[in-house]
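Below you'll find the structure, written out as C-alpha coordinates, and then a few comments.
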Amino acid sequence: MVKIKLIELLQSLSDDEIRQFDKYVRSPVHNKHEKVIRLFKFLRKHIKDHPDKISTETMYKAIFPGEPLKPQKLHHVSSYLVNVLHEYLAWVEWKKDPVVSGLHLTRALGSRQLEKHFTKSLENTRATHHDQSIRDAGFYLKEYQLQFEEYKHARTQGRTREFNLQELTRTHDIAYIAEKLKNTCVLLSHQAVTKKSYDMGPLDEIIGFLQGHPFLEIPTIAIYYLTFKALTNQEDDEAFAQLKSKLFELSHLFKVAELRDLYIHAINFCIKKLNTGNEKYRREVFDIYQSGLTLDVFINQGVMSPWTYSNIVQVGLMLKEFAIIESVINRYREYLPKDKREAYYSYNYAWFYYQKKDYKMAMQLLLKTDYGGDLLITCTAKTLLTRMYFELDEIDSLDSLLRSFKVFLQRKKVLAYHKELYMNFIHFVKLIANRSWKDEPARQTLIDEIKSTQVLAAKDWLLEQLEQ
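Everything in the sequence shown is counted per this note's numbering, starting at 712 for the first residue and increasing by one.
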(Lines of atoms letter the chains of each structure in order from A and count residues from 1; the text may use other names and numbers.)
(Lines give C-alpha, C1' and ligand atoms only; values in the text may rest on other atoms or scores of the structure.)
Protein backbone atom coordinates (compact mmCIF):
# COMPACT_ATOMS: atom_id res chain seq x y z
CA MET A 1 0.00 0.00 0.00
CA VAL A 2 2.83 2.41 0.93
CA LYS A 3 4.66 1.67 -2.31
CA ILE A 4 1.54 2.36 -4.36
CA LYS A 5 1.02 5.63 -2.50
CA LEU A 6 4.66 6.60 -3.01
CA ILE A 7 4.58 5.91 -6.75
CA GLU A 8 1.31 7.85 -7.17
CA LEU A 9 2.81 10.82 -5.35
CA LEU A 10 5.98 10.83 -7.43
CA GLN A 11 4.07 10.46 -10.70
CA SER A 12 2.05 13.56 -9.78
CA LEU A 13 5.20 15.72 -9.71
CA SER A 14 6.29 17.75 -12.71
CA ASP A 15 9.85 17.45 -14.03
CA ASP A 16 10.78 20.69 -12.26
CA GLU A 17 9.30 19.42 -8.99
CA ILE A 18 11.21 16.15 -9.33
CA ARG A 19 14.46 18.11 -9.68
CA GLN A 20 13.60 20.31 -6.73
CA PHE A 21 12.60 17.36 -4.57
CA ASP A 22 15.94 15.72 -5.38
CA LYS A 23 17.66 18.65 -3.64
CA TYR A 24 15.11 18.56 -0.81
CA VAL A 25 15.54 14.84 -0.03
CA ARG A 26 19.35 15.15 -0.11
CA SER A 27 19.31 17.97 2.44
CA PRO A 28 20.19 16.69 5.95
CA VAL A 29 17.73 19.22 7.34
CA HIS A 30 14.86 17.22 5.83
CA ASN A 31 16.32 13.70 5.56
CA LYS A 32 19.28 12.02 7.22
CA HIS A 33 18.80 8.52 5.79
CA GLU A 34 21.00 7.47 2.88
CA LYS A 35 18.71 4.56 1.97
CA VAL A 36 15.81 7.00 1.42
CA ILE A 37 18.00 8.89 -1.07
CA ARG A 38 18.88 5.60 -2.79
CA LEU A 39 15.22 4.66 -3.13
CA PHE A 40 14.33 8.04 -4.61
CA LYS A 41 17.29 7.88 -7.00
CA PHE A 42 16.06 4.52 -8.29
CA LEU A 43 12.44 5.64 -8.61
CA ARG A 44 13.39 8.90 -10.30
CA LYS A 45 15.23 6.93 -12.97
CA HIS A 46 12.21 4.80 -13.87
CA ILE A 47 9.04 6.56 -12.64
CA LYS A 48 8.23 8.45 -15.84
CA ASP A 49 9.51 6.33 -18.73
CA HIS A 50 9.94 2.79 -17.38
CA PRO A 51 7.43 2.18 -14.55
CA ASP A 52 7.34 -1.50 -15.59
CA LYS A 53 10.85 -1.86 -14.13
CA ILE A 54 9.61 -0.90 -10.67
CA SER A 55 8.84 -3.88 -8.44
CA THR A 56 9.39 -4.95 -4.85
CA GLU A 57 12.48 -6.87 -5.90
CA THR A 58 14.11 -4.10 -7.98
CA MET A 59 13.40 -1.47 -5.32
CA TYR A 60 14.86 -3.67 -2.60
CA LYS A 61 17.95 -4.44 -4.66
CA ALA A 62 18.55 -0.70 -5.22
CA ILE A 63 18.40 -0.01 -1.46
CA PHE A 64 19.90 -3.18 0.00
CA PRO A 65 22.23 -4.61 -2.70
CA GLY A 66 23.25 -8.20 -2.08
CA GLU A 67 20.87 -8.68 0.89
CA PRO A 68 18.05 -11.27 1.00
CA LEU A 69 14.59 -9.78 0.43
CA LYS A 70 12.84 -8.56 3.58
CA PRO A 71 9.66 -6.63 2.58
CA GLN A 72 9.32 -5.00 5.99
CA LYS A 73 12.65 -3.20 5.56
CA LEU A 74 11.49 -1.87 2.16
CA HIS A 75 8.21 -0.79 3.71
CA HIS A 76 10.06 1.19 6.37
CA VAL A 77 12.22 3.08 3.84
CA SER A 78 9.25 3.69 1.53
CA SER A 79 7.22 5.08 4.41
CA TYR A 80 9.98 7.48 5.33
CA LEU A 81 10.26 8.69 1.73
CA VAL A 82 6.49 9.26 1.67
CA ASN A 83 6.80 11.39 4.82
CA VAL A 84 9.62 13.47 3.32
CA LEU A 85 7.57 13.91 0.14
CA HIS A 86 4.54 15.02 2.16
CA GLU A 87 6.69 17.62 3.93
CA TYR A 88 8.02 18.81 0.57
CA LEU A 89 4.52 19.23 -0.87
CA ALA A 90 3.45 21.19 2.23
CA TRP A 91 6.54 23.39 1.89
CA VAL A 92 5.78 24.04 -1.81
CA GLU A 93 2.26 25.20 -0.91
CA TRP A 94 3.62 27.37 1.92
CA LYS A 95 6.15 29.02 -0.41
CA LYS A 96 3.53 29.77 -3.06
CA ASP A 97 1.91 32.48 -0.91
CA PRO A 98 4.32 35.13 0.36
CA VAL A 99 1.67 36.45 2.74
CA VAL A 100 1.31 33.05 4.43
CA SER A 101 5.08 32.61 4.77
CA GLY A 102 5.39 36.25 5.93
CA LEU A 103 2.66 35.70 8.52
CA HIS A 104 4.52 32.69 9.95
CA LEU A 105 7.77 34.65 10.08
CA THR A 106 6.04 37.58 11.79
CA ARG A 107 4.52 35.21 14.36
CA ALA A 108 7.91 33.58 15.02
CA LEU A 109 9.64 36.96 15.50
CA GLY A 110 6.89 38.16 17.80
CA SER A 111 7.13 35.07 20.00
CA ARG A 112 10.84 35.84 20.44
CA GLN A 113 10.16 39.44 21.49
CA LEU A 114 12.27 40.76 18.61
CA GLU A 115 10.57 44.15 18.40
CA LYS A 116 12.35 45.70 15.41
CA HIS A 117 12.38 42.48 13.42
CA PHE A 118 8.71 41.86 14.19
CA THR A 119 7.67 45.37 13.15
CA LYS A 120 9.61 45.21 9.89
CA SER A 121 8.25 41.77 9.00
CA LEU A 122 4.69 42.89 9.77
CA GLU A 123 5.08 46.00 7.60
CA ASN A 124 6.55 44.03 4.69
CA THR A 125 3.94 41.28 4.86
CA ARG A 126 1.09 43.76 5.08
CA ALA A 127 2.48 45.71 2.10
CA THR A 128 2.70 42.48 0.07
CA HIS A 129 -0.81 41.58 1.12
CA HIS A 130 -2.30 44.94 0.11
CA ASP A 131 -0.35 45.20 -3.15
CA GLN A 132 -2.19 42.25 -4.68
CA SER A 133 -5.50 42.79 -6.46
CA ILE A 134 -7.31 39.83 -4.87
CA ARG A 135 -10.02 40.82 -2.40
CA ASP A 136 -11.78 37.52 -1.76
CA ALA A 137 -12.81 36.00 1.57
CA GLY A 138 -9.28 34.67 2.04
CA PHE A 139 -7.90 38.21 1.80
CA TYR A 140 -9.92 39.34 4.83
CA LEU A 141 -8.99 36.23 6.81
CA LYS A 142 -5.28 36.93 6.29
CA GLU A 143 -5.85 40.60 7.11
CA TYR A 144 -7.46 39.55 10.39
CA GLN A 145 -4.56 37.19 11.17
CA LEU A 146 -2.05 39.99 10.60
CA GLN A 147 -4.05 42.35 12.79
CA PHE A 148 -4.28 39.67 15.48
CA GLU A 149 -0.48 39.17 15.49
CA GLU A 150 -0.08 42.93 15.91
CA TYR A 151 -2.59 42.91 18.78
CA LYS A 152 -0.87 39.98 20.55
CA HIS A 153 2.52 41.63 20.24
CA ALA A 154 1.21 44.95 21.53
CA ARG A 155 -0.12 43.21 24.64
CA THR A 156 3.21 41.54 25.39
CA GLN A 157 4.94 44.92 25.16
CA GLY A 158 2.77 46.26 27.99
CA ARG A 159 1.74 49.30 25.97
CA THR A 160 -0.70 51.70 27.50
CA ARG A 161 -2.09 52.92 24.16
CA GLU A 162 -5.40 51.42 23.16
CA PHE A 163 -5.15 48.93 20.34
CA ASN A 164 -7.79 49.27 17.60
CA LEU A 165 -9.96 46.35 18.73
CA GLN A 166 -12.93 47.67 16.75
CA GLU A 167 -11.02 47.27 13.47
CA LEU A 168 -9.87 43.80 14.54
CA THR A 169 -13.39 42.55 15.18
CA ARG A 170 -14.74 44.28 12.05
CA THR A 171 -12.17 42.51 9.86
CA HIS A 172 -12.98 39.21 11.53
CA ASP A 173 -16.71 39.74 10.87
CA ILE A 174 -16.06 40.51 7.19
CA ALA A 175 -13.90 37.38 6.81
CA TYR A 176 -16.48 35.17 8.53
CA ILE A 177 -19.52 36.53 6.67
CA ALA A 178 -17.80 36.35 3.28
CA GLU A 179 -16.69 32.76 3.87
CA LYS A 180 -20.10 31.80 5.28
CA LEU A 181 -21.92 33.16 2.23
CA LYS A 182 -19.41 31.48 -0.10
CA ASN A 183 -19.88 28.08 1.56
CA THR A 184 -23.66 28.54 1.68
CA CYS A 185 -23.78 29.05 -2.08
CA VAL A 186 -21.82 25.82 -2.57
CA LEU A 187 -24.21 23.96 -0.24
CA LEU A 188 -27.25 25.35 -2.06
CA SER A 189 -25.89 24.26 -5.45
CA HIS A 190 -25.06 20.80 -4.14
CA GLN A 191 -28.43 20.57 -2.44
CA ALA A 192 -30.21 21.32 -5.73
CA VAL A 193 -28.43 18.39 -7.40
CA THR A 194 -28.47 15.78 -4.63
CA LYS A 195 -31.77 16.82 -2.98
CA LYS A 196 -29.91 16.51 0.33
CA SER A 197 -30.77 19.02 3.05
CA TYR A 198 -28.05 20.88 4.95
CA ASP A 199 -28.10 22.72 8.25
CA MET A 200 -27.12 26.27 7.26
CA GLY A 201 -26.35 27.37 10.82
CA PRO A 202 -26.90 31.05 11.70
CA LEU A 203 -27.55 31.96 8.06
CA ASP A 204 -30.90 33.70 8.68
CA GLU A 205 -29.30 35.94 11.29
CA ILE A 206 -26.45 36.83 8.93
CA ILE A 207 -28.82 37.67 6.07
CA GLY A 208 -30.91 39.79 8.43
CA PHE A 209 -27.79 41.54 9.72
CA LEU A 210 -26.72 42.44 6.18
CA GLN A 211 -29.95 44.19 5.23
CA GLY A 212 -28.93 47.78 4.55
CA HIS A 213 -25.51 47.24 6.17
CA PRO A 214 -22.34 48.90 4.78
CA PHE A 215 -20.78 45.42 4.49
CA LEU A 216 -22.84 45.00 1.30
CA GLU A 217 -20.53 47.54 -0.33
CA ILE A 218 -17.60 45.13 0.09
CA PRO A 219 -17.28 43.33 -3.27
CA THR A 220 -16.79 39.77 -2.03
CA ILE A 221 -19.77 40.03 0.34
CA ALA A 222 -21.90 41.79 -2.29
CA ILE A 223 -21.25 39.13 -4.93
CA TYR A 224 -21.94 36.18 -2.64
CA TYR A 225 -25.00 37.88 -1.20
CA LEU A 226 -26.42 38.36 -4.71
CA THR A 227 -25.48 34.78 -5.60
CA PHE A 228 -27.32 33.58 -2.51
CA LYS A 229 -30.40 35.59 -3.48
CA ALA A 230 -30.36 34.20 -7.03
CA LEU A 231 -29.91 30.62 -5.84
CA THR A 232 -32.75 30.85 -3.32
CA ASN A 233 -35.24 32.71 -5.52
CA GLN A 234 -35.44 31.70 -9.15
CA GLU A 235 -37.75 34.65 -9.81
CA ASP A 236 -35.26 37.25 -8.56
CA ASP A 237 -34.18 38.53 -11.97
CA GLU A 238 -32.88 41.74 -10.43
CA ALA A 239 -30.45 39.86 -8.16
CA PHE A 240 -29.16 37.93 -11.17
CA ALA A 241 -28.76 41.12 -13.25
CA GLN A 242 -26.74 42.73 -10.44
CA LEU A 243 -24.70 39.55 -9.96
CA LYS A 244 -23.84 39.36 -13.66
CA SER A 245 -22.85 43.03 -13.71
CA LYS A 246 -20.61 42.70 -10.65
CA LEU A 247 -19.03 39.48 -11.93
CA PHE A 248 -17.98 41.20 -15.13
CA GLU A 249 -16.86 44.34 -13.29
CA LEU A 250 -15.06 42.79 -10.32
CA SER A 251 -13.66 39.53 -11.68
CA HIS A 252 -10.08 40.74 -11.08
CA LEU A 253 -10.71 40.62 -7.32
CA PHE A 254 -11.03 36.83 -7.24
CA LYS A 255 -8.70 33.92 -7.87
CA VAL A 256 -9.58 31.86 -10.94
CA ALA A 257 -10.74 28.80 -8.95
CA GLU A 258 -13.19 30.87 -6.91
CA LEU A 259 -14.30 32.84 -9.95
CA ARG A 260 -15.04 29.53 -11.70
CA ASP A 261 -17.53 28.60 -8.96
CA LEU A 262 -19.20 32.01 -9.17
CA TYR A 263 -19.60 31.70 -12.94
CA ILE A 264 -21.06 28.22 -12.55
CA HIS A 265 -23.59 29.54 -10.02
CA ALA A 266 -24.68 32.22 -12.51
CA ILE A 267 -24.83 29.68 -15.35
CA ASN A 268 -26.99 27.33 -13.29
CA PHE A 269 -29.45 30.17 -12.62
CA CYS A 270 -29.75 30.73 -16.37
CA ILE A 271 -30.20 27.03 -17.10
CA LYS A 272 -33.07 26.81 -14.63
CA LYS A 273 -34.65 29.80 -16.35
CA LEU A 274 -34.25 28.13 -19.74
CA ASN A 275 -35.83 24.96 -18.39
CA THR A 276 -38.95 26.98 -17.57
CA GLY A 277 -39.09 28.27 -21.15
CA ASN A 278 -37.57 31.73 -20.59
CA GLU A 279 -35.56 32.03 -23.84
CA LYS A 280 -34.16 35.44 -22.84
CA TYR A 281 -31.67 33.60 -20.67
CA ARG A 282 -30.06 31.81 -23.60
CA ARG A 283 -28.34 35.07 -24.49
CA GLU A 284 -27.58 35.71 -20.82
CA VAL A 285 -25.84 32.37 -20.36
CA PHE A 286 -23.94 32.82 -23.62
CA ASP A 287 -22.66 36.19 -22.39
CA ILE A 288 -21.46 34.53 -19.19
CA TYR A 289 -19.76 31.75 -21.11
CA GLN A 290 -17.98 34.28 -23.35
CA SER A 291 -16.80 36.30 -20.36
CA GLY A 292 -15.61 33.12 -18.64
CA LEU A 293 -13.68 32.05 -21.74
CA THR A 294 -11.95 35.43 -21.84
CA LEU A 295 -10.86 34.96 -18.21
CA ASP A 296 -9.96 31.25 -18.65
CA VAL A 297 -12.20 30.33 -15.74
CA PHE A 298 -13.36 27.12 -17.43
CA ILE A 299 -9.82 25.75 -17.70
CA ASN A 300 -8.67 23.85 -14.62
CA GLN A 301 -5.04 22.68 -14.51
CA GLY A 302 -4.82 23.02 -18.28
CA VAL A 303 -8.01 21.05 -18.95
CA MET A 304 -11.52 22.08 -20.01
CA SER A 305 -14.38 19.75 -19.18
CA PRO A 306 -15.77 18.24 -22.41
CA TRP A 307 -19.28 18.90 -21.08
CA THR A 308 -18.53 22.60 -20.58
CA TYR A 309 -17.04 22.69 -24.08
CA SER A 310 -20.18 21.07 -25.52
CA ASN A 311 -22.55 23.29 -23.54
CA ILE A 312 -20.88 26.46 -24.85
CA VAL A 313 -21.11 25.16 -28.41
CA GLN A 314 -24.78 24.19 -28.04
CA VAL A 315 -25.83 27.55 -26.58
CA GLY A 316 -23.92 29.52 -29.22
CA LEU A 317 -25.32 27.48 -32.11
CA MET A 318 -28.88 28.00 -30.89
CA LEU A 319 -28.17 31.73 -31.07
CA LYS A 320 -26.69 31.32 -34.57
CA GLU A 321 -23.32 32.67 -33.37
CA PHE A 322 -21.52 30.54 -35.95
CA ALA A 323 -18.28 32.53 -36.26
CA ILE A 324 -17.75 32.69 -32.50
CA ILE A 325 -18.56 29.01 -32.00
CA GLU A 326 -16.30 27.80 -34.79
CA SER A 327 -13.49 29.72 -33.12
CA VAL A 328 -14.35 28.16 -29.73
CA ILE A 329 -14.44 24.64 -31.20
CA ASN A 330 -10.97 25.01 -32.67
CA ARG A 331 -9.31 27.17 -30.03
CA TYR A 332 -10.27 25.04 -27.02
CA ARG A 333 -9.78 21.66 -28.67
CA GLU A 334 -6.28 21.35 -27.17
CA TYR A 335 -7.66 21.83 -23.64
CA LEU A 336 -9.97 18.81 -23.82
CA PRO A 337 -8.80 15.64 -22.00
CA LYS A 338 -6.59 13.67 -24.37
CA ASP A 339 -8.71 10.53 -24.18
CA LYS A 340 -11.86 12.47 -25.16
CA ARG A 341 -10.38 15.18 -27.37
CA GLU A 342 -11.08 13.87 -30.87
CA ALA A 343 -14.51 12.49 -29.98
CA TYR A 344 -15.83 15.76 -28.51
CA TYR A 345 -14.12 17.89 -31.12
CA SER A 346 -15.67 15.94 -34.00
CA TYR A 347 -19.06 15.68 -32.31
CA ASN A 348 -19.29 19.42 -31.71
CA TYR A 349 -18.07 20.24 -35.18
CA ALA A 350 -20.78 17.91 -36.49
CA TRP A 351 -23.34 19.94 -34.56
CA PHE A 352 -21.87 23.10 -36.07
CA TYR A 353 -22.40 21.78 -39.60
CA TYR A 354 -25.83 20.39 -38.71
CA GLN A 355 -27.03 23.82 -37.57
CA LYS A 356 -25.70 25.30 -40.81
CA LYS A 357 -27.66 22.61 -42.74
CA ASP A 358 -24.44 21.11 -44.13
CA TYR A 359 -25.55 17.55 -43.41
CA LYS A 360 -22.89 15.97 -45.61
CA MET A 361 -20.02 17.37 -43.54
CA ALA A 362 -21.85 16.65 -40.28
CA MET A 363 -22.44 13.02 -41.24
CA GLN A 364 -18.83 12.54 -42.32
CA LEU A 365 -17.62 13.71 -38.93
CA LEU A 366 -20.06 11.52 -37.01
CA LEU A 367 -19.48 8.37 -39.03
CA LYS A 368 -15.67 8.49 -39.02
CA THR A 369 -15.22 9.28 -35.32
CA ASP A 370 -14.24 6.64 -32.78
CA TYR A 371 -15.92 7.55 -29.49
CA GLY A 372 -13.62 5.27 -27.53
CA GLY A 373 -16.28 3.55 -25.45
CA ASP A 374 -17.81 6.80 -24.18
CA LEU A 375 -21.41 5.63 -24.08
CA LEU A 376 -23.09 8.98 -23.56
CA ILE A 377 -21.42 10.80 -26.44
CA THR A 378 -21.99 7.74 -28.63
CA CYS A 379 -25.70 7.97 -27.83
CA THR A 380 -25.89 11.71 -28.50
CA ALA A 381 -24.01 11.24 -31.78
CA LYS A 382 -26.49 8.54 -32.85
CA THR A 383 -29.32 10.90 -31.89
CA LEU A 384 -27.90 13.65 -34.09
CA LEU A 385 -27.43 11.22 -36.98
CA THR A 386 -31.06 10.11 -36.54
CA ARG A 387 -32.23 13.70 -36.83
CA MET A 388 -30.39 14.18 -40.12
CA TYR A 389 -31.65 10.94 -41.70
CA PHE A 390 -35.18 11.93 -40.68
CA GLU A 391 -34.92 15.48 -42.02
CA LEU A 392 -33.43 14.22 -45.30
CA ASP A 393 -36.22 11.63 -45.54
CA GLU A 394 -33.69 8.82 -45.87
CA ILE A 395 -36.10 6.22 -44.53
CA ASP A 396 -34.00 3.10 -45.12
CA SER A 397 -30.94 4.57 -43.42
CA LEU A 398 -33.13 5.87 -40.60
CA ASP A 399 -34.75 2.49 -40.03
CA SER A 400 -31.38 0.71 -40.02
CA LEU A 401 -29.89 3.24 -37.57
CA LEU A 402 -32.85 3.00 -35.18
CA ARG A 403 -32.61 -0.79 -35.10
CA SER A 404 -28.86 -0.76 -34.44
CA PHE A 405 -29.28 2.03 -31.86
CA LYS A 406 -31.84 -0.05 -29.96
CA VAL A 407 -29.60 -3.12 -30.00
CA PHE A 408 -26.69 -0.97 -28.79
CA LEU A 409 -28.73 0.26 -25.81
CA GLN A 410 -29.87 -3.26 -24.94
CA ARG A 411 -26.35 -4.70 -25.04
CA LYS A 412 -24.42 -1.94 -23.30
CA LYS A 413 -24.47 -1.33 -19.56
CA VAL A 414 -25.97 2.12 -19.96
CA LEU A 415 -27.36 3.81 -16.85
CA ALA A 416 -31.07 3.12 -16.51
CA TYR A 417 -31.95 6.82 -16.87
CA HIS A 418 -30.00 7.21 -20.11
CA LYS A 419 -31.31 3.95 -21.54
CA GLU A 420 -34.87 5.17 -20.96
CA LEU A 421 -33.96 8.60 -22.38
CA TYR A 422 -32.85 7.21 -25.74
CA MET A 423 -35.28 4.28 -25.90
CA ASN A 424 -38.12 6.79 -25.65
CA PHE A 425 -36.49 8.87 -28.36
CA ILE A 426 -36.33 5.85 -30.70
CA HIS A 427 -39.97 5.02 -29.92
CA PHE A 428 -41.27 8.47 -30.86
CA VAL A 429 -39.07 8.83 -33.95
CA LYS A 430 -40.55 5.59 -35.25
CA LEU A 431 -44.10 6.76 -34.57
CA ILE A 432 -43.56 10.06 -36.37
CA ALA A 433 -41.64 8.52 -39.29
CA ASN A 434 -44.27 5.82 -39.79
CA ARG A 435 -47.04 8.44 -39.81
CA SER A 436 -48.79 6.73 -36.91
CA TRP A 437 -51.00 9.80 -36.60
CA LYS A 438 -53.62 10.02 -39.34
CA ASP A 439 -55.53 13.12 -38.44
CA GLU A 440 -55.38 16.24 -36.26
CA PRO A 441 -56.75 14.62 -33.08
CA ALA A 442 -54.20 11.79 -33.41
CA ARG A 443 -51.37 14.29 -34.00
CA GLN A 444 -52.38 16.29 -30.93
CA THR A 445 -52.53 13.13 -28.85
CA LEU A 446 -48.98 12.27 -29.91
CA ILE A 447 -47.81 15.82 -29.11
CA ASP A 448 -49.36 15.56 -25.64
CA GLU A 449 -47.71 12.18 -25.09
CA ILE A 450 -44.29 13.57 -26.02
CA LYS A 451 -44.77 16.60 -23.77
CA SER A 452 -45.77 14.41 -20.82
CA THR A 453 -42.78 12.06 -21.20
CA GLN A 454 -40.27 13.32 -18.67
CA VAL A 455 -37.27 11.20 -19.69
CA LEU A 456 -36.86 11.89 -23.41
CA ALA A 457 -33.93 13.00 -25.55
CA ALA A 458 -34.41 15.78 -28.14
CA LYS A 459 -37.96 16.50 -27.01
CA ASP A 460 -38.05 19.96 -28.64
CA TRP A 461 -36.90 18.53 -31.97
CA LEU A 462 -39.55 15.80 -31.88
CA LEU A 463 -42.27 18.38 -31.27
CA GLU A 464 -40.93 20.53 -34.11
CA GLN A 465 -41.34 17.62 -36.54
CA LEU A 466 -44.98 17.24 -35.60
CA GLU A 467 -45.65 20.96 -35.78
CA GLN A 468 -44.20 21.35 -39.28
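Ideal Cβ placement from N, Cα and C applies to all residues, glycine included.
- By the neighbour-count criterion, in which 16 or more other beta carbons inside 10 Å mark a residue as buried, SER723 falls on the exposed side.
- According to DSSP, residue pairing for ILE1010 in a beta bridge involves MET1015.
- Per DSSP, reduced to three states, the secondary structure at VAL1118 is helical.
- Around the Cβ of THR938, a 10 Å sphere holds 16 or more other Cβ atoms; the residue is buried.
- With distances taken between CA atoms, VAL904 lies nearest to PHE980 out of ILE929, PHE980 and GLU1178.
- DSSP places GLU826 within a helical segment (H, G or I) once states are collapsed to three.
- The closest CA to that of GLU768, considering only HIS761, PRO779 and ILE758, is found on PRO779.
- HIS1138 carries a helical assignment under DSSP once its states are collapsed to helix, strand and coil.
- The C-beta distance from PHE1116 to LYS1093 rounds to 5 Å, short enough to fall under 8 Å.
- Within the same chain, and ignoring the five residues on either side of SER1002 in sequence, the residues whose Cβ sits closer than 8 Å to its Cβ are LEU958, PHE959, SER962 and TYR974.
- Closest in alpha carbon position to ARG818, among TYR887, TYR851 and GLN856, is GLN856.
- It is roughly 19 Å from the alpha-carbon of CYS896 to the alpha-carbon of LEU852.
- The beta-carbon separation of ALA933 and LEU942, rounded to 15 Å, does not stay under the 8 Å limit for a contact.
- About 36 Å separates the CB atoms of ALA1034 and THR931; that is not less than 8 Å, and the two are not in contact.
- Taken through DSSP and simplified to helix, strand or coil, TYR909 comes out as coil.
- When the five nearest sequence neighbours on each side are left out, the beta carbons in the same chain lying within less than 7 Å of the beta carbon of ASP947 are those of LYS940 and ALA941, in order along the chain.
- According to the DSSP assignment, GLY923 belongs to no alpha helix (DSSP H), since it is labelled neither H nor E.
- Sorting THR836, HIS741, LYS827 and VAL810 by C-alpha distance to the C-alpha of LEU792 places HIS741 at the top.
- Assigned with DSSP and collapsed to three states, GLN843 falls in coil, not helix or strand.
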